[in-house]
Amino acid sequence: MKILIATTNKGKLKEFKALLSEINVETLSLDDMEEKIEVEEDKKTFLENAIKKAKEYANFYKLPVIAEDAGLEVEALNNYPGVYSARFYDIDFGGKEEVLTNKDEANIKKLLRLLQGEKNRKARFVSTVVFYFPDDFGLWTEGYCYGTIAEEPKGEKGFGYDPIFIPESYNKTMAEISPEEKNKISHRGKAVRKLIEKLKKVL
Ligand code: ITT
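If you read the sequence shown in my numbering, its first letter stands for residue 12, the second for the next number, and so on.
Right, here's the structure in full:
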């Protein structure tokens with residue numbers, strides 16, 4: 012069976028491919044698709060955005076699709092950046108941040124600025140994954156990874172907010188651990204393993 016992993020994020024794609032390698036499916040990515048479409052993430056919840064992406068890509072490409080909306084929720088910031096995680100640097104909340112090198116770096120800079128002097132650094136990553144089989148059925152799962160926000164970025168692995176996220180019971184950031192270890196403890200790893208269990212029952 013072929014499944015399209017509908018993400019434009021290369022870091023996410025790598026992790027999905029590794030996590031799905033334990034089941035017998037052929038994974039395709041948006042890069043494998045000749046015709047391109049854009050799906051806007053304009054909803055207020057991870058689930059609504061993930062459903063929207065899964066359905067639009069599945070209906071367009073006539074393929075079963077896995078789509079995800081993910082993000083970082085920071086307790087002291089009223090759970091921001093949340094669904095705005097990818098474009099946090101560019102939203103009005105907390106003032107905009109100039110992109111000097113890349114968006115990930117601008118997002119991190121803004122988050123650390125807003126948390127300057129803040130003692131409560133609790134945060135969690137959220138991954139909401141939707142599988143949609145065109146005209147047949149859909150299902151969704153969610154995974155969380157709890158931790159704290161570091162004072163400064165460390166590590167070169169992973170992507171996004173990984174260099175400032177210290178997972179619970181670790182003393183290093185998510186960008187300092189191996190991809191295999193990240194998949195074991197991450198929000199995405201948990202959501203995808205739950206998805207695999209559900210898929211095994213219906214496929
Ligand atoms: P797609 O929508 O195409 O999948 P995206 O990057 O826009 O790609 P999201 O809307 O789900 O993905 O935004 C998630 C953002 O949250 C992402 O850009 C990262 O900044 C951050 N993020 C999500 N998962 C992460 C992880 O495992 N490690 C670090 N940051 C993560």
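All C-beta atoms in this analysis are idealised placements derived from N, C-alpha and C, irrespective of residue type, glycine included.
- Under the three-pair Cβ rule at 8 Å, the stretch 107–122 does not count as touching the stretch 70–82.
- Per DSSP, the unbroken beta strand (DSSP E) holding Arg135 starts and ends at 133–144.
- Around the ligand ITT, the residues selected by a Cβ distance under 5 Å to any of its heavy atoms are Thr18, Thr19, Asn20, Asp80, Ala81, Gly82, Ser96, Ala97, Gly171, Tyr172, Asp173, following chain order.
- Taking the Cα of Val137 as reference, the smallest distance to any Cα among Asn90, Lys54, Leu125 is reached at Asn90.
- Judged by their CB atoms, Ser96 and Cys156 are not nearer to each other than the 8 Å cut-off.
- By alpha-carbon distance to Asp42, the top candidate from Asn182, Gly22, Glu59, Thr18 is Thr18.
- About 10 Å separates the Cβ atoms of Lys183 and Pro174, ruling out a contact at the 8 Å cut-off.
- Judged by beta-carbon spacing, Gly200 lies within the 8 Å limit of Gly154, meaning their Cβ atoms are closer than that value.
- With a beta-carbon spacing of about 7 Å, Lys168 and Glu187 fall inside the 8 Å limit used to define contacts.
- By alpha-carbon distance to Val85, the top candidate from Ala134, Lys121, Val110, Pro178 is Ala134.
- Under the three-state reduction of DSSP output, Ala97 falls in the helix class.
- With 16 or more other CB atoms across the displayed protein chains lying within 10 angstroms of its CB, Asn194 is buried.
- Taking Ile62 as the centre and dropping the five residues before and after it, the same chain places the C-beta of Val141 closer than 6 Å to its C-beta, in chain order.
- Closest in alpha carbon position to Glu191, among Leu214, Lys25, Met12, is Lys25.
- Residues Lys13, Ile14, Leu15, Ile16, Leu74 of the same chain have their beta carbon placed closer than 8 Å to that of Leu39, with the five preceding and five following residues left out of the count.
- Under the DSSP definition of a beta bridge, Tyr157 partners with Arg135.
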